[in-house]
Amino acid sequence: SVLIETSVGDLVIDLHVDECPRTTLNFLKLCKIKYYNFCCFHNVQKDFMVQTGDPTATGKGGESVYGIIHGPQKRYFPAEIHPKLKHKNIGTVSMAVASEGVEGGGVSGSQFFITTGENLDYLDGKYTVFGEVAEGFDVLETINNAYCDDTGRPYKDIRIKHTIVLEDPFPDPEGLEVPDKSPLPSKEMLETIRIAEDESIEPELPPEELEKEQRRKEAAAQALTLEMIGDIPFAEVKPPENVLFVCKLNPVTQDEDLELIFSRFGTINSCEIIRDKKTGDSLCYAFIEFDKQEDCETAYFKMNNVLIDDRRIKVDFSQSVAKIHSDWLLSRNKRMNTGGYGGSETLEQRTKYRAGDTAPQNHYKMVFDEEERKHSSIVMIVPEIMTDPEIMTDVIILIDIGRDLIRGIEGVREDASNKK
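Structure (structure tokens):
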């Protein structure tokens, strides 16, 4: 057995010493003298095989331990084809065949490959199977998925860092020189470096862009988590494209009036002004759902900044997915024809017994508190609210609107101050 430490993890290879004594002796002694140190995986064919063992990283270099001891005339040795050893499973280890073949069969040196596909029977009888991966299949999969050029070489180097012989049944051949410590890579090996393992292939971005990208990745991870636990239908859930968000309404404006005004652009499925659940007073914003997306877009361009009941309204596309989420949960429970929550009889909706939660599931939820509404401020995002996706989706858009309102008020105050 041999432990191969690579730049992406460790592999343990068990060898067929009885079936292929000459090939396994060659491999064990090359590992023992650290011949494979700093060799890169120069040929990666996805779901087929990964190849290494060439110090030149060209696929044409390398030599057997017999060539190291006895000279160039012994650079290669004949292949040992065993009829019972097949390229059947992922992780099969075989010797590569040198281009300088001999009559009656191939020859091998130091290069070897590990299969990443199953049932490669067309390789049987052509290459010497001398081992199999016992541990490190995740590492093998990482190498298999490396991003490579047209020749199969990974753009970012994947190298053998160290080899440790765990068990060696063969005595050392006469003349074999074992180094006291791992040798440093030669100049020729250093010239094969592309992108080193400690180098990043990510572009160097300004701190602001890096922070933005980090937030994007965190949001994607959180969305995937919500999908896994069933809080959203899918991680890439997007707001509906046929719903408008209307704000800065006059408190006296009624649902019927707003629907009548917007209905000239097309059929409206619903028009709902969000109201305080205790007093019934308008919170001065509404959601309008059109039957067609193109009607929604026309209304957006025509109605933004229009005067309604002496108030200049603001129109934007809705960013809320609360209704989509509620409809999805209801349809899933109905489809599964089971009780409980999310199709499970043992689960109950988290907000089922929440005091005062009287908003119907097929409507948009309000996001203002009574005391907060009196002071015309956005509700604070406390940890309890952050765990409720139905509230958070509406809070996000209202925060942006609140900021715009604050900027507008500050601008009016600044103008008044300048006039004074």
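Sequence positions in the sequence shown follow the numbering used here and run 48 to 467.
Quick reminder that beta carbons are idealized off the backbone N, C-alpha and C, glycines included.
For I161, the enclosing beta strand (DSSP E) covers residues 159-162. By the neighbour-count criterion, in which a residue is buried when 16 or more other Cβ atoms sit within 10 angstroms of its Cβ, D227 is exposed. Here V225 is exposed, its C-beta having fewer than 16 other C-beta atoms within 10 Å.
Boundaries of the beta strand (DSSP E) around H209: 207-212. F124 counts as buried, since at least 16 other C-beta atoms from the protein chains shown sit within 10 angstroms of its C-beta. Separation of P232 and K208 (C-alpha to C-alpha, rounded to the nearest whole angstrom) is 10 Å. Per DSSP, the beta-bridge partners of I60 are V49, V180. In this structure, the CA atom of M236 is about 8 Å from the CA atom of C86. Listed in chain order, the non-local C-beta contacts of N316 below 6 Å within the same chain comprise E336, D338, local neighbours out to five positions each way being set aside. Counting only residues of its own chain and dropping the five nearest sequence neighbours on each side, D219 has a CB closer than 8 Å to the CB of K76, K79, V225.
Taking the Cα of T139 as reference, the smallest distance to any Cα among E165, H117, V290 is reached at E165.
Comparing alpha-carbon positions, the option among P298, T103, S48, N90 lying closest to T163 turns out to be N90. Along the segment 287-327, the alpha helix (DSSP H) occurs as fully enclosed runs of 4 or more residues at 302-309, listed in sequence order. Counting of Cβ neighbours within 10 angstroms places A346 among the buried residues, the total reaching 16 or more. The continuous beta strand (DSSP E) containing Q98 extends over residues 96-99. Apart from sequence neighbours up to five positions away, the residues of its chain that approach T314 with a beta-carbon distance below 6 Å are D338, ordered along the chain. Only residues of its own chain outside the window of five on either side were considered, and among them S48, V49, L50, V59 have a CB closer than 8 Å to the CB of L213, listed in chain order.
Restricting attention to E258, T272, F217, E66, the CA atom closest to the CA of F177 is found in E66.
DSSP places D363 in the uninterrupted beta strand (DSSP E) bounded by 361-364.
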